[in-house]
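Enquirer:
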Amino acid sequence: MIVLQVNQVHKSFGADEILAGVKLEVQHRDRVALVGRNGAGKSTLLKIISGEMSYDSGDIIMPKDLTIGYLEQQTDLESEASIWDEMMTIFSHFREQEAKLRELEAQMADSAVYDDAVQYEKVMKEYDTLQHDFKDAGGYQFEADTRAILHGMKFYPEDYDKKVVSLSGGQKTRLMLAKLLLSKPQLLILDEPTNHLDIETLSWLENYLKNYPGAILIVSHDRYFLDQVVTLVYEVSRHRVKKYTGNYSRYLDEKAKQYELDLKQFEKQQSEKAKLEDYVQRNLVRASTTKMAQSRRRVLEKTDWMDAPDGDEKSARFGFTIAKQSGNDVLNVQSLAIGYSGQPVSQNIVMKLYRQDSLALVGPNGVGKSTLLKTIMKELEPLAGTIHYGTGIQFGYYDQEQANLKGNKLVLNELWDDYPHVNEKDIRGILGRFLFTGDDVLKPISTLSGGEKARVALAKLMMQKANVLLLDEPTNHLDLDSKEVLENALLDYPGTILFVSHDRYFMNRLSTKVVELTREGTTEYLGNYDYYVEKKLETEELQALEDAEKATVTKTVPVATTSQINKEAKKLERQLLRQSEETEQEMEQLDQQIAEVEELLCQPEIFQDHEKVLPLQSQLDELKEAHEEKMLLWLELQEKLEKVHS
Numbered sequence: 000m001i002v003l004q005v006n007q008v009h010k011s012f013g014a015d016e017i018l019a020g021v022k023l024e025v026q027h028r029d030r031v032a033l034v035g036r037n038g039a040g041k042s043t044l045l046k047i048i049s050g051e052m053s054y055d056s057g058d059i060i061m062p063k064d065l066t067i068g069y070l071e072q073q074t075d076l077e078s079e080a081s082i083w084d085e086m087m088t089i090f091s092h093f094r095e096q097e098a099k100l101r102e103l104e105a106q107m108a109d110s111a112v113y114d115d116a117v118q119y120e121k122v123m124k125e126y127d128t129l130q131h132d133f134k135d136a137g138g139y140q141f142e143a144d145t146r147a148i149l150h151g152m153k154f155y156p157e158d159y160d161k162k163v164v165s166l167s168g169g170q171k172t173r174l175m176l177a178k179l180l181l182s183k184p185q186l187l188i189l190d191e192p193t194n195h196l197d198i199e200t201l202s203w204l205e206n207y208l209k210n211y212p213g214a215i216l217i218v219s220h221d222r223y224f225l226d227q228v229v230t231l232v233y234e235v236s237r238h239r240v241k242k243y244t245g246n247y248s249r250y251l252d253e254k255a256k257q258y259e260l261d262l263k264q265f266e267k268q269q270s271e272k273a274k275l276e277d278y279v280q281r282n283l284v285r286a287s288t289t290k291m292a293q294s295r296r297r298v299l300e301k302t303d304w305m306d307a308p309d310g311d312e313k314s315a316r317f318g319f320t321i322a323k324q325s326g327n328d329v330l331n332v333q334s335l336a337i338g339y340s341g342q343p344v345s346q347n348i349v350m351k352l353y354r355q356d357s358l359a360l361v362g363p364n365g366v367g368k369s370t371l372l373k374t375i376m377k378e379l380e381p382l383a384g385t386i387h388y389g390t391g392i393q394f395g396y397y398d399q400e401q402a403n404l405k406g407n408k409l410v411l412n413e414l415w416d417d418y419p420h421v422n423e424k425d426i427r428g429i430l431g432r433f434l435f436t437g438d439d440v441l442k443p444i445s446t447l448s449g450g451e452k453a454r455v456a457l458a459k460l461m462m463q464k465a466n467v468l469l470l471d472e473p474t475n476h477l478d479l480d481s482k483e484v485l486e487n488a489l490l491d492y493p494g495t496i497l498f499v500s501h502d503r504y505f506m507n508r509l510s511t512k513v514v515e516l517t518r519e520g521t522t523e524y525l526g527n528y529d530y531y532v533e534k535k536l537e538t539e540e541l542q543a544l545e546d547a548e549k550a551t552v553t554k555t556v557p558v559a560t561t562s563q564i565n566k567e568a569k570k571l572e573r574q575l576l577r578q579s580e581e582t583e584q585e586m587e588q589l590d591q592q593i594a595e596v597e598e599l600l601c602q603p604e605i606f607q608d609h610e611k612v613l614p615l616q617s618q619l620d621e622l623k624e625a626h627e628e629k630m631l632l633w634l635e636l637q638e639k640l641e642k643v644h645s
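Next up, the structure:
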C-alpha cells in the first residue's frame, strides 16, 4: 500500500531554486532516509510533505485518512502541564471512553435499569460493544505503553510531575518524540531525531523504530542510526532526488559504483563531443564538406550532453600533520577525580594513551567526558589523582562549544590573527579547502551556521600541527559528506587521538580502543565501538548466568532438563573460549611490546644514558605487570573451562 507519492514537485525561494522535479514514493512499513548536504533541501521537502510549507508546482498524493506525525529539528513545546499530563493529551479519546464505560456500569447497577429487561439488555449491548472497541484500540494498555516509551526517552516516574515548561531544549525534543511515537501515526516524519539523545537512548529508539507499525521518513546525520533502521535511501542533490535500495552503507557503495559508471560515460561523451566539434571546425568552411559539418553541428546542438558527475557540489579537502613526533608514552592517568567546585563528577579514572592510539571515550551524558578532556588540557584542576604527560606532547583541542571562536571577527581574521606570519593568500587557500571561497572569508563569525563554525574550528586545528588531538564531539553540525572527509583525514593522521563522540559510525571507523567512563571509574576495551558493544553484552550475559547459578543455590527450583543444562553449558563454554582467545591475543601483544622495550634497553646509546633508561625500565615494569595480570586471568578462564567440561 502506497502511503505517499511526491510527483514533479518544484520549490523556490525567490530566485533560488531548492527542489526541481522531485519524485519520491513511500509504502506502508517502509523505512526511508533522506540524505544530502546541509542546505540541499531535505528539511524543506519534509515540511512540504507534512503540509507545513507550500510548493510551487507538482503533486503530493496520499490517502485521505492518512495520519502524519512530524518532528521538526527545532521544537517549541511550551506547556504548563506536567510531563505525564502532557502525554495523556494523546489519549483524550480513551479517557472519554473510560468515562462512558463507568457511566454504563453505573446504569447497569441501577435497580430501575436492572428491573427493566429491555433497557438492561440495551445498556449491556452498548457496554459490550464499547468495551470490545476500547480493548482492541489499546485502552487497557496505553498507560503501560506511555511508561515504557517515557523510560526509553530517559523520563522516569520521579520526573512525571515536572512541568514541561521547566524542561531544557533537549528534554523537550525527547518528550515531543515520545508523544509522536505514542500517537503511532501511519507516516512518521522525523527531522534529526537523534539530536540530544545519548547512545543508550539511541539504541532503544533504533529497536523501537525497527518494529514500528507504520512508515517512517527520516532525515539524520547519524549514519550508524541510518544503517540500523532504514531500508531505502533518497539522496537530495542538485535540487533533485535519487533513489537507492538498502541502508546507508549500501547507499555509499552503490553511489560509488554509479559515480564510476557516470564518469566513464561522461568521458566517453566528452570524447565524442570533442571529435564532432573538431570536425565542424575543420570542415565547415570547405564547400565539399559544409553540409556534413552542418549536420554534425546540429547533432552537437540537439544532443543532451550529460554534466560532469561531481556537478557543482564541492567537498572540503584537508588533512592533519604534525610538526614533530611525541614520545611513545603520551598520557598516564591514575586514580583521577574530576569535577567542579570540589564536587566530583567522576573518580577512580585510570587511562593510558600511547603514540598513534585512537581512543574513544564513551559514557552517558553528564558523566564528565568533556570535563575529563578539559582537565587533561589543564583548563580545570583535578580533584584527586595524577596525570602524567609524555615527552614532546603538543595538544590540539577541538571544543564542541567552539568557545574560542570570537563573534566579532571575520573568518579570515580568525585564522590570520593566530598565524600573522602566514600571508593572506595562503590563509585564503587554507579556508578554500574548508569551502570558504571569495567573500565567504569576510563573513563575521557570528553570522555562520553551526556547520560553518565547525569547519573554521577544524581549519584552526589543522594549522596547529599538533601531535595529540583532543576532540570533543567533532562531527556535531557537520553534514554527511564533511564527516566522511574528516574521518579520512583523521585515519591518515600520524599522531595520537583522544576523542569524545556520540557518532557510533565515526567511532567504529576511527577508534583502536574504547574507554567507558562512569561516575565510579573506567573500563578499557581493545577494539572499535562494535567490539565494545559485543563485550558489554557478553559481560552482561555472564553476569546473568552467575546470578542464575546463585539463585539456584539459594532458592528451591524445579530440576532443569538435561537439554537445558547442556544448552547453557555450551553457551558458557563459547563465552569462556572467546574470552580465553582474546586474553591470549592481548598477552601476545604485551610480549611483543616487552621485546621491543628490552631491545631498546640493549642499545648502547640508551643503556649508557641513565635518563633514557629510567622511563623505559618503568614502561617495561608496567608491561610485565600487565602481562602477569593477563596470565592470571587466562589461568582462571582455563579452570572455568575445565569445570564446564567436567
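So in numbering that gives the first Met the number 0, spot 639 of the sequence shown is number 638, and the numbers just go up one at a time. In this text, a Cβ means the ideal position worked out from N, Cα and C, and glycines have one as well. All figures in this text were calculated on a predicted structure; none of them were measured in a lab.
1. Could you please give me the residues that DSSP links to Thr-522 through a beta bridge?
2. Output yes or no for whether 8 Å exceeds the beta carbon distance between Lys-242 and Leu-231.
3. Measuring alpha carbon to alpha carbon, tell me which residue in Met-61, Lys-254 and Tyr-119 is nearest Val-25.
4. Expressed to the nearest angstrom, what Euclidean distance is found between the alpha-carbon atoms of Gly-647 and Lys-124?
5. Which residue's Cα is closest to the Cα of Gly-338: Asn-347, Val-122 and Gly-389?
6. Go through its chain and collect everything with a Cβ distance to Val-558's Cβ below 7 Å, but skip five positions before and after it.
7. Tell me the rounded alpha-carbon separation between Leu-430 and Ser-11.
8. Identify which residue in His-387, Leu-352, Leu-468 and Phe-433 has its Cα closest to the Cα of Gly-395.
9. For Asn-6, name the three-state secondary structure that DSSP assigns.
10. With 16 other CB atoms within 10 Å as the buried threshold, where does Leu-3 fall?
11. What do you reckon, are the CB atoms on Gly-35 and Ile-17 nearer than 8 Å?
12. By the DSSP assignment, the beta strand (DSSP E) with Ile-682 in it spans what residues?
13. Considering only their Cβ atoms, is the gap separating Phe-265 from Met-291 smaller than 8 Å?
14. Would you kindly work out how many angstroms separate the C-alpha atoms of Ala-98 and Leu-181, rounded to a whole number?
15. For Ala-32, which option in Asp-55, Asn-282, Asp-226 and Leu-299 has the closest C-alpha, if you only look at C-alpha atoms?
16. Judging by CA-CA distance, which residue of Ser-579, Arg-28 and Ala-458 is the nearest neighbour of Gln-185?
17. Given a threshold of 16 other Cβ atoms within 10 Å of its Cβ, counted over all protein chains shown, does Leu-536 qualify as buried or as exposed?
18. What does the Cβ neighbour count give for Gln-584, buried or exposed, with the cut at 16 atoms within 10 Å?
19. Cutting at 6 Å between CB atoms, please list the residues of its own chain near Leu-619, excluding the five before and the five after it.
20. Identify the residues that DSSP records as bridge partners of Val-361: which are they?
21. Quick check: what's the CA-CA separation for Tyr-54 versus Val-218?
22. Identify the residues that DSSP records as bridge partners of Arg-239: which are they?
23. Per the DSSP calculation, Gly-395 is bridged to which residue(s)?
24. How long is the line joining the alpha carbons of Asn-507 and Glu-95, rounded to whole angstroms?
25. Do you know offhand how far Ile-48's Cα is from Leu-216's?
26. Looking at the secondary structure, which residues open and close the alpha helix (DSSP H) in which Asp-277 lies?
27. Might you give, ordered along the chain, the residues of its own chain that have their beta carbon closer than 8 Å to the beta carbon of Arg-646, omitting 5 neighbours on each side?
28. Could you tell me the distance, in whole angstroms, from the CA atom of Asn-412 to the CA atom of Asp-590?
29. Locate the alpha helix (DSSP H) running through Glu-16, then write down its first and last residues.
30. Buried or exposed: which applies to Gly-494, given that a residue is buried once 16 or more other Cβ atoms fall within 10 Å of its Cβ?
31. Going by CA-CA distance only, name the one from Val-8, Leu-103 and Ala-80 that's closest to Val-122.
32. Taking only three categories from DSSP, how would you classify Ala-458?
33. Would you say Ala-465 and Phe-433 are within 8 Å of each other, going by their C-beta atoms?
34. Closer than 7 Å by C-beta to Ala-19: which residues in its own chain qualify, once you throw out the five before and the five after it? Chain order, please.
35. Beta carbon of Leu-441, beta carbon of Leu-477: below 8 Å?
36. On a Cα-Cα basis, can you pick out the residue from Asp-132, Tyr-223 and Leu-414 that is closest to Tyr-528?
Expert: Considering the structure as presented:
1. By 1-based counting over the sequence shown, the position of residue 522 is 523. DSSP lists Glu-515 as partners of Thr-522.
2. For the purposes of this step, residue 242 is taken as residue 243 along the sequence shown, with counting starting at 1. For the purposes of this step, residue 231 is taken as residue 232 along the sequence shown, with counting starting at 1. Cβ atoms of Lys-242 and Leu-231: closer than 8 Å.
3. For this step, residue 25 is matched to residue 26 along the sequence shown. Measuring from the Cα of Val-25, the nearest candidate turns out to be Met-61.
4. The structure shown does not extend to residue 647, since the chain is modelled only from 0 through 645, so no value can be given for it.
5. As a working mapping, residue 338 is identified with position 339 in the sequence shown. When each option's Cα is compared against that of Gly-338, the closest is Asn-347.
6. Residue mapping note: residue 558 aligns to position 559 of the sequence shown, counting from 1. In this predicted model, Val-558 has a pLDDT of only 48, less than 50, meaning its place in the structure is not dependable; the value taken from the coordinates is given anyway. Result list for Val-558: empty, nothing under 7 Å.
7. As a first step, residue 430 must be located in the sequence shown, where it is residue number 431. As a first step, residue 11 must be located in the sequence shown, where it is residue number 12. Taking the straight line joining both Cα atoms gives about 29 Å.
8. Here the question's residue 395 lines up with position 396 in the sequence shown. It is Leu-468 whose Cα lies nearest to the Cα of Gly-395.
9. Along the sequence shown, read from residue 1 onward, the residue named residue 6 stands at position 7. In this structure, Asn-6 counts as strand in the three-state DSSP scheme.
10. The count along the sequence shown starts at 1 and reaches residue 3 at position 4. So Leu-3 counts as buried.
11. On the sequence shown, position 36 is the one that residue 35 refers to. On the sequence shown, position 18 is the one that residue 17 refers to. Their beta carbons are not under 8 Å apart, which means Gly-35 does not touch Ile-17 by this criterion.
12. For residue 682 there is no data in the structure shown, the boundaries of the chain being 0 and 645.
13. Here residue 291 corresponds to residue number 292 of the sequence shown, with the count starting at 1. Here residue 265 corresponds to residue number 266 of the sequence shown, with the count starting at 1. Cβ atoms of Met-291 and Phe-265: not closer than 8 Å.
14. Residue mapping note: residue 98 aligns to position 99 of the sequence shown, counting from 1. Residue mapping note: residue 181 aligns to position 182 of the sequence shown, counting from 1. Using only the alpha carbons, I get a separation of about 21 Å.
15. Taking the first residue of the sequence shown as 1, we reach residue 32 at position 33. Comparing Cα-Cα distances from Ala-32 to each of Asp-55, Asn-282, Asp-226 and Leu-299, the minimum goes to Asp-226.
16. Here residue 185 refers to the residue found at position 186 when the sequence shown is read from its first residue. Nearest C-alpha to Gln-185: Arg-28.
17. Here residue 536 corresponds to residue number 537 of the sequence shown, with the count starting at 1. Exposed, because fewer than 16 other Cβ atoms sit within 10 Å of the Cβ of Leu-536.
18. To locate residue 584, count along the sequence shown from 1; it is residue 585. So Gln-584 counts as exposed.
19. Residue 619 sits at position 620 when you count from the first residue of the sequence shown. For Leu-619, where only same-chain residues beyond five positions count, the Cβ hits under 6 Å are Val-596.
20. As a working mapping, residue 361 is identified with position 362 in the sequence shown. Note: Val-361 sits in a beta bridge opposite Glu-515.
21. Along the sequence shown, one-based indexing puts residue 54 at 55. Along the sequence shown, one-based indexing puts residue 218 at 219. So the two alpha carbons sit approximately 19 Å from each other.
22. Within the sequence shown, the letter at position 240 stands for residue 239. Note: Arg-239 sits in a beta bridge opposite Ser-236.
23. As a first step, residue 395 must be located in the sequence shown, where it is residue number 396. Per DSSP, Leu-468.
24. One-based indexing of the sequence shown puts residue 507 at position 508. One-based indexing of the sequence shown puts residue 95 at position 96. Distance between the alpha carbons of Asn-507 and Glu-95: 50 Å.
25. Your numbering for residue 48 matches position 49 in the sequence shown. Your numbering for residue 216 matches position 217 in the sequence shown. Roughly 10 Å separates the two Cα atoms.
26. Translated into positions along the sequence shown, residue 277 becomes position 278. It spans 247-282 - the alpha helix (DSSP H) in which Asp-277 sits, taken as one unbroken run.
27. The structure shown does not extend to residue 646, since the chain spans only 0 to 645, so no value can be given for it.
28. Start at 1 with the first residue of the sequence shown, and residue 412 comes out as number 413. Start at 1 with the first residue of the sequence shown, and residue 590 comes out as number 591. Those two C-alpha atoms are separated by around 51 Å.
29. Here residue 16 refers to the residue found at position 17 when the sequence shown is read from its first residue. Premise fails: Glu-16 lies in the beta strand (DSSP E), 15-26, not in any alpha helix (DSSP H).
30. Walking along the sequence shown from the start, residue 494 turns up at place 495. Buried is the call here.
31. For the purposes of this step, residue 122 is taken as residue 123 along the sequence shown, with counting starting at 1. Among Val-8, Leu-103 and Ala-80, the Cα nearest to that of Val-122 belongs to Leu-103.
32. Sequence index remark: in the sequence shown, residue 458 carries index 459 (1-based). If DSSP states are grouped into helix, strand and coil, Ala-458 belongs with the helices.
33. Along the sequence shown, read from residue 1 onward, the residue named residue 465 stands at position 466. Along the sequence shown, read from residue 1 onward, the residue named residue 433 stands at position 434. Cβ atoms of Ala-465 and Phe-433: not closer than 8 Å.
34. The sequence position of residue 19 within the sequence shown is 20, counting from 1. Hits under 7 Å: His-9, His-238 and Arg-239.
35. To locate residue 441, count along the sequence shown from 1; it is residue 442. To locate residue 477, count along the sequence shown from 1; it is residue 478. No, the Cβ-Cβ distance between Leu-441 and Leu-477 is not below 8 Å.
36. What you label residue 528 is simply residue 529 of the sequence shown in a count that begins at 1. Taking only the C-alpha atoms, the option nearest Tyr-528 is Tyr-223.
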